[in-house]
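The structure under discussion appears below in the form of structure tokens.
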Amino acid sequence: MQEPNNSPERDLEEGEIPSEESEESCETSVSSPEVMETELDEEVIQSYAPCIRAIVQASSGLKPGSLLVVPMTGAVIGRDLTAGLTLPDPDISKAHAQIFLDEEDKVFRIKDLGSRNGTVLNGERLSEGEFSTSQPRRICHADVLELGSTCRLLLHVHRNHETCDDCEPGVVQAAIQQNLESGPQILTKDQKEEERRNVLRQLKKKFGLKRMDFEVHTGEAAGYVDRSAVRRATKGSDNPYEKTEIPSGLDVSLDSGNKGFQMLQKMGWNKGQGLGKGAGQDNLEPVSLSEQVGTTGLGSTVIGPMNRSNQPIKWQRSSEVLNPT
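Residue numbering for the sequence shown follows UniProt numbering, starting at 1 and increasing by one per position.
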């Protein structure tokens, strides 16, 4: 019986290859695709176009720390669903602003599309007023973009696949949650003053008053005469030397300085005459006040109960129905 040949120089069967060459070929067959894939990944990564990673710092429609990506092709920012970057914020216009890549300078730029509440980049308003389109402004890394008065975005410009902790939504939201759990922060006097200045600065941005000086109103305009003050000093109660007017009544007639007396004189009435249509000399005295038992009018000389015989027939019939005898 022939013993098996265990020597390394044994004869190989048809199609069999040596073990060393087999291992080398297997390693080559496995490693070559990995090397090629790594080299391919680096080439693809290097060919990635730059993009803008926007982190939401404040918004009435989005959660703080959310990530918004603006591709190299740019996007229109607005409230409308057809916008490239939709922000569900009522303070933002349907087509608020536009971000685009400047092919010549290879930088991102932004311009206001005539929004109502304006666009602010790093504290500077882009448009001069409402509904006016602005000139393009360059966007740099870590710029702060404010849309309206409620939305604020932190813009990071990264090339290839690079990111940082400030534009990773998980890291940012974890930091926000940690600050919320730590409780309210007690501010010092200097911190309160700094916060007050920041609020004032935001108000200036909102209303376009950043480059304007405030004027303190110290007095009235030149040539202005306050006629009300003059009238109060001469005729009103502010005059301490004014004589108290004697009140009129049934026993005291109106004085010639009375406003009502003067108005009647302008209408043709003279003192001593009666008032009313067809007024003669019989109605010169004022109507005296007296208690009337019946339903007669003021000034009537007839005092007594109401004469029921003068009632209408319908009233009599109603009384007979309601009060049968």
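For every residue, glycine included, the Cβ atom is placed at its ideal position computed from N, Cα and C.
In this structure, how does DSSP classify residue i when only helix, strand and coil are distinguished?
| i | result |
| --- | --- |
| C151 | strand |
| E24 | For E24, the predicted structure reports a pLDDT of 49, less than 50, and the residue's modelled location is therefore unreliable. A value from the coordinates is still provided. If DSSP states are grouped into helix, strand and coil, E24 belongs with the helices. |
| V225 | coil |
| K206 | helix |
| E320 | helix |
| E124 | strand |
| E194 | helix |
| A97 | strand |
| L264 | helix |
| K111 | strand |
| C164 | coil |
| R201 | helix |
| E146 | strand |
| L180 | helix |
| V171 | helix |
| A83 | coil |
| V157 | strand |
| V70 | strand |
| V230 | helix |
Taking C-beta to C-beta, are residue i and residue j nearer than 9 Å?
| i | j | result |
| --- | --- | --- |
| L68 | V76 | no |
| E146 | L121 | yes |
| Q57 | P64 | yes |
| S93 | G74 | no |
| S149 | E130 | no |
| D165 | L154 | no |
| P136 | D102 | yes |
| K205 | G123 | yes |
| K235 | S256 | no |
| D80 | C151 | no |
Assuming residue i and residue j are in contact, meaning their beta carbons sit under 8 Å apart, how far apart are those beta carbons, in whole angstroms?
| i | j | result |
| --- | --- | --- |
| F261 | L254 | 4 Å |
| I139 | I52 | 7 Å |
| L284 | G274 | 6 Å |
| A97 | L113 | 6 Å |
Leaving out five residues before and five after residue i in sequence, what residues of the same chain have Cβ atoms less than 6 Å from its Cβ?
| i | result |
| --- | --- |
| R125 | G118 and G208 |
| V171 | D165 |
Out of curiosity, what's the CA-to-CA distance linking residue i and residue j?
| i | j | result |
| --- | --- | --- |
| G61 | A83 | 16 Å |
| F108 | S59 | 23 Å |
| A95 | K111 | 11 Å |
| N198 | I176 | 20 Å |
| E104 | H156 | 21 Å |
| Q191 | L200 | 14 Å |
| A174 | D143 | 22 Å |
| E181 | F100 | 39 Å |
| S319 | V287 | 36 Å |
| S66 | T163 | 15 Å |
| R196 | P169 | 29 Å |
| M263 | A229 | 24 Å |
| Q265 | V252 | 18 Å |
| M267 | N258 | 15 Å |
| H158 | N179 | 27 Å |
| W269 | Q316 | 47 Å |
Near residue i, what residues of its chain come up, given a Cβ to Cβ distance below 8 Å and the 5 sequence neighbours on each side ignored?
| i | result |
| --- | --- |
| S127 | D112, G114, S115, G118, T119, T133 and S134 |
| L203 | L209 |
At a threshold of 8 Å, does residue i count as lining the ligand HEM (C-beta to nearest heavy atom)?
| i | result |
| --- | --- |
| D190 | Judged by which ligands are present, the structure shown has none, so any question about the ligand HEM falls away. |
So, for residue i: in the same chain, excluding its five sequence neighbours on each side, which residues have a beta-carbon less than 7 Å away from its beta-carbon?
| i | result |
| --- | --- |
| H141 | H156 and V157 |
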